[in-house]
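Residue numbers (my numbering): 551 to 954.
Yeah, the Cβ is synthetic: ideal placement off N, Cα and C, and Gly gets one too.
Only a predicted model underlies this, so the values are computations on that prediction, with no experimental measurement involved.
Structure record follows, encoded as structure tokens.
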């Protein structure tokens, strides 16, 4: 069941529960359901909770994993119900990250390591991000940002540009934490700092990569067509560059623009972007370029995502048929492929294959898979169809447990 479909079911339940009443203020849409899934709506109105219970066959609010903010949930919520709606809880504390961002120009006193050591530290957080080791990443990033902030204040010339490049990557790692765990306002703040810092590098590829990351904001703000325009402009800025790194940056911009065009219901534009990305993917090996995975496999995964987001799960399955992402693709992106494969199978009525794909996603990147909202959507859809696969119940329990 999609967010829009669930919204329709909830609105119909409102009409049945409260006949003859003016319910305009209580009707919901897909955006409201998305906020509920991300935990932004913790305690909906009495009428909406009643409609949710009716729509999802729940007896109590607790069955839905909903608790009054004036009460502490008694123990762990029922996993089967929570998997329908709310994101898995986490133990990541963003207080330290927010504090070091606040003090970007007045960092606390402390040492600054030599350039090579700083570069190695940044490479480590890039690797942790690409492999979805979010909890380890969260323990490292705040102190690294403080150190890079100190380094930026004391360096000049070429070293200043080098530190700016490292700081851009560290900001991107911090953004990954904020974005994946649903702190979209914090993510937007970090991305603003990242794009500003990228300008200090004078490196077109780094600046293009910053715009690529900025594009993620338009997945959340409901303006995908403006995000597509942003990425098109960024690609045009480096279209004359010919190095392998620049080709990868250019292709990645078109790869992400294709998905945004699909969300904006511009399929012809999306296909144009995919074709442009594929041309440049054939010119570079699959790999990581300034922290972005790009190559033929990455483009194929995005082709599948575009098909799904355009409402064509059969096309997504055709794109995936007989293929699996190689290990040269970072584990987070491999898990994306399997999550999308699970979505496609769930939408086309092949639940066993959907569960198989979810299991592959968990193997590839467990932390990323566990908190991904599309995983909860797949679980919702499969459970609404009364799947008897024992693996589904086990998976739901795992997905709704606290991330440790």
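### Message
Measuring alpha carbon to alpha carbon, tell me which residue in 948, 887, 691 is nearest residue 674.
### Response
For the purposes of this step, residue 674 is identified with residue 124 of the chain shown, where counting begins at 1. Taking residue 674 as reference, the option from 948, 887, 691 with the minimal CA-CA separation is 691.
### Query
Looking at C-alpha atoms only, which residue of 734, 725, 729, 772 is the closest neighbour of residue 743?
Translated into positions along the chain shown, residue 743 becomes position 193. The option with the nearest alpha carbon to residue 743 is 725.
### Message
Looking at the secondary structure, which residues open and close the alpha helix (DSSP H) in which residue 945 lies?
### Response
The sequence position of residue 945 within the chain shown is 395, counting from 1. Residue 945 -> alpha helix (DSSP H) spans 940-950.
### Task
Determine the closest residue to residue 843 out of 884, 870, 822, with distance taken between C-alpha atoms.
Position 293 of the chain shown, counting from 1, holds the residue named residue 843. Checking every option, the nearest Cα to that of residue 843 belongs to 884.
### Task
Check whether the Cβ atoms of residue 753 and residue 701 sit closer than 9 Å, and answer yes or no.
Numbered from 1 along the chain shown, position 203 holds the residue referred to as residue 753. Numbered from 1 along the chain shown, position 151 holds the residue referred to as residue 701. The Cβ atoms of residue 753 and residue 701 lie no closer than 9 Å to each other.
### residue 846 versus 856, 827, 859, residue with shortest Cα-Cα distance
On the chain shown, residue 846 is found 296 positions in, with the first residue counted as 1. Taking only the C-alpha atoms, the option nearest residue 846 is 827.
### Range covered by the beta strand (DSSP E) that runs through residue 842
Numbered from its first residue, the chain shown carries residue 842 at position 292. Residue 842 -> beta strand (DSSP E) spans 842-844.
### Task
Check residue 837 in the structure and name its three-state DSSP category.
As a position in the chain shown, residue 837 is number 287, starting the count at 1. Reduced to three states, the DSSP call for residue 837 is strand.
### Query
Do residue 839 and residue 795 have their C-beta atoms closer together than 9 Å?
In the chain shown, the residue the question calls residue 839 occupies position 289. In the chain shown, the residue the question calls residue 795 occupies position 245. Cβ distance < 9 Å, so residue 839 and residue 795 count as in contact.
### Query
Which same chain residues, not among the five before or five after residue 601, have their C-beta less than 7 Å away from its C-beta?
Residue mapping note: residue 601 aligns to position 51 of the chain shown, counting from 1. For residue 601, where only same-chain residues beyond five positions count, the Cβ hits under 7 Å are 560, 563, 564, 567.
### Query
Buried or exposed: where does residue 627 fall if 16 or more other Cβ atoms within 10 Å of its Cβ makes it buried?
As a working note, residue 627 is residue 77 in the chain shown. Confidence at residue 627 is low in this model, with a pLDDT of 34, below 50, so its placement is unreliable and the value that follows should be read with caution. That one is buried.
#### Entry: Pick from 855, 645, 818, 950 that is closest to residue 806, judged by C-alpha positions
Walking along the chain shown from the start, residue 806 turns up at place 256. That would be 855, whose Cα lies nearest to the Cα of residue 806.
### Message
Between the alpha carbons of residue 921 and residue 941, how many angstroms are there, rounded?
### Response
Looking up residue 921 in the chain shown gives position 371. Looking up residue 941 in the chain shown gives position 391. Taking the straight line joining both Cα atoms gives about 18 Å.
### Query
residue 684 and residue 713: beta carbons closer than 9 Å?
On the chain shown, position 134 is the one that residue 684 refers to. On the chain shown, position 163 is the one that residue 713 refers to. It is not a contact, given that the beta carbons lie outside the stated cut-off.
### Task
Name the residue from 925, 771, 848 whose alpha carbon lies nearest to the alpha carbon of residue 893.
Residue 893 sits at position 343 when you count from the first residue of the chain shown. Considering only alpha carbons, the answer is 925.
#### Entry: Bounding residues of the alpha helix (DSSP H) (the contiguous stretch that carries residue 673)
One-based indexing of the chain shown puts residue 673 at position 123. It spans 665-680 - the alpha helix (DSSP H) in which residue 673 sits, taken as one unbroken run.
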